[in-house]
Structures are given as structure tokens and as C-alpha cells.
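Here is the structure we will look at.
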Amino acid sequence: MAEIPDAFERPANCPGKLVNLNYQTWEAFTYQKRLQRLKKRAVVYLPYNYDPKQQYNVFYLMHGGWSNETTYLGIPGKPSTFKNVIDNAVETKTMAPMIIVCPTYNNTSVRDSSDYSMAVELTARYPQELVNDLIPAVEGTFSTFAASTDRIDLRASRDHRAFGGFSMGSVATWQVFAQCLDVFRYFFPSSGNLTADGKKMAKLVKDQGFGPEDFFIFAASGTHDFAYPAFSEQIQNMSKEDLFQTVSNEQEGNLCYRIKRHGVHGKEDALQYFYQAMSRIWKPAEK
5 MAEIPDAFER PANCPGKLVN LNYQTWEAFT YQKRLQRLKK RAVVYLPYNY
55 DPKQQYNVFY LMHGGWSNET TYLGIPGKPS TFKNVIDNAV ETKTMAPMII
105 VCPTYNNTSV RDSSDYSMAV ELTARYPQEL VNDLIPAVEG TFSTFAASTD
155 RIDLRASRDH RAFGGFSMGS VATWQVFAQC LDVFRYFFPS SGNLTADGKK
205 MAKLVKDQGF GPEDFFIFAA SGTHDFAYPA FSEQIQNMSK EDLFQTVSNE
255 QEGNLCYRIK RHGVHGKEDA LQYFYQAMSR IWKPAEK
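Okay, so the sequence shown: first residue is 5 according to our numbering, each after it adds one.
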């Protein structure tokens, strides 16, 4: 697994921009009843020279436990080092220009992600907010491949949308895979499993009306990561099902698993996995 170049951690000559996107949603446990309205924020990365007349792919990147929407990219005026990495990767055409959205599954409290049981429940419910509220807010504001925010147009543009995360963000990714295949093609879970039942994972795909050619999963973990055994067990059991085809690239199949030797359950390794994932999809123009 390639390392992030040290030079990429320095500010780029052509930096992208971070903006706050505020939107409204509903309390997760009573979402369908619409009892409690919530105001939430996502941090959105716009690539250098963002042009509203150009269409952009969108990567939704979810945080893990004890975190929030600012964890990975920072905030406007105070960007993270990983934002520099993305800027440099785009500038050197290591990564295609894309819109990156950092939301949160935190519900009524910023401390929700610090409660493991609560976080598990919230990630299971997050797809309803994602599809009904966040995606329309993002793709109704910025220029993407979606002709509109109607569900039919979100489905038509699914090839241009990805979801990923590490740890509890990975659990959220699996939940999006299980519930929202109609609007996402690419999934990047790392070091956070949903179930060891490979047959169940295959059934979740079939029940949504999709087959092996309709998605691509890039999964990653590290050998010294406490989540590695359970995460690997899920991937291994999925690979036993005909629907999941273990490969090294999208042209050959739909499930790629990368293992970092001595990788641990920490932010540094998580960012490396994200860098790998973002560099693999929507190939940039030739250098």
C-alpha cells in the first residue's frame, strides 16, 4: 500500500476550498414521524477552480467514533493536513478533482459518536437522512452529475457518487451499501465490520435489485488493528459468495481488499486508506 508523500502534507500551490453547508433534517429515532427538526452542518471540499458549469463526482466521507464533521478536513479558515494532501493529489493528477462531503451521524448531541451503542444505532438509521436531506442539500447547491435532486435523477447519477469511512464510519458505509445501492456505486469501508454473514451481505444486494456488476468495494485494514480480525472475517465470507468477486481493480470484479502490514486503528492509517481509495476512482486526466 503506497504511502502518502510527505510533500503532499504541505499547502498546495492550487488549493481547493472548504465551505460549511447547513441543512435541515429530523431526529433519527423518530425520523419517519417528523417530530423534531434538527439543523446540521457538513464540511464540503470544492476542488481548485471549482466551476459551477462543470459536473463533479462526489465522495461522502463519514467520521468514526469520538469525532464529527470537522475531523478529517477541518473547517474553513483552519484546514487539516489531509486537506493539503487532497489538494496536492489533485494538483499532481494523482487524484481526480471531486467534491468531498464530510457529514456527521451525530444526532441530538455532539457526544453521540462517543457512545458506542448509540453510534451503532445511528449509523443504521443514517441512510434516511443521507438520501432525503444531505444529498439533496449538497447536490442541489453544488454542480454534480445529478440533473436534479429527485430520486430518479440521483439513481441515474449513482456512478458518480461514493461513500466511505473508517471504524464507525466504516459501519456507516456498510449501512449505506445495505440500504442505498440505488444512489451509490462506490464504497470504501475500512476497519469496521457490519456482519460476518457473507450470505446476508449478498442478499442485501439482491434485495435492492442489483447484481455483481453494479458496485465496487475498496476495503482496507491493518494487521495490528483491533478491528482487523472481524473486518477480515466479513470480507472473507463475502468473497465466498458468487456475487462478490475479489480482485485488484474494478475492471476485473467488485471487491478489493488491501491490508496494511502493522497498520493500527488510528487516524494516520485511516487517512492513508482514504487517499488510496480516492486515488482509485474517477481517474484523473493524463499527467
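Idealized CB from N, CA, C, for every residue including glycine.
Here the structure is a predicted model, which is why all the values come from computation and not from measurement.
Query                                                                                                                      : Result
Lys44 versus Pro216, Arg165, Tyr130, Phe192, residue with shortest Cα-Cα distance                                          : Tyr130
Which of helix, strand or coil DSSP assigns to Ser283                                                                      : helix
Cut-off 7 Å between Cβ atoms - residues of its own chain near Leu138, not counting five sequence neighbours on either side : Tyr27, Ala46, Pro107
Between the CA atoms of Tyr120 and Thr127 - distance to the nearest angstrom                                               : 11 Å
For Lys271, the three-state DSSP class (helix, strand or coil)                                                             : helix
In chain order, each beta strand (DSSP E) run of at least 3 residues that lies wholly inside the stretch 219-254           : 220-226
Backbone CA spacing between Ser182 and Ala32 [nearest angstrom]                                                            : The residue asked about is misnamed: residue 182 is Ala in this sequence, not Ser. Ala182 and Ala32: Cα-Cα distance of roughly 18 Å.
Bridge-paired residues (DSSP) for Asn110                                                                                   : In DSSP, Asn110 forms no bridge with anything.
Residue interval of the alpha helix (DSSP H) (run including Tyr190)                                                        : Here Tyr190 belongs to no alpha helix (DSSP H); instead the beta strand (DSSP E) covers 190-194.
C-alpha distance - Val209 paired with Glu272, whole-angstrom precision                                                     : 32 Å
Exposed unless 16 or more other CB atoms sit within 10 angstroms - verdict on Gln238                                       : buried
Trp178 in three-state terms, based on DSSP                                                                                 : helix
Backbone secondary structure at Tyr261 - three-state DSSP                                                                  : strand
The stretch 259-275 / the stretch 212-225 touching (three or more Cβ pairs under 8 Å)                                      : yes
Where Cys18 falls, given that 16 or more other Cβ within 10 Å makes a residue buried                                       : exposed
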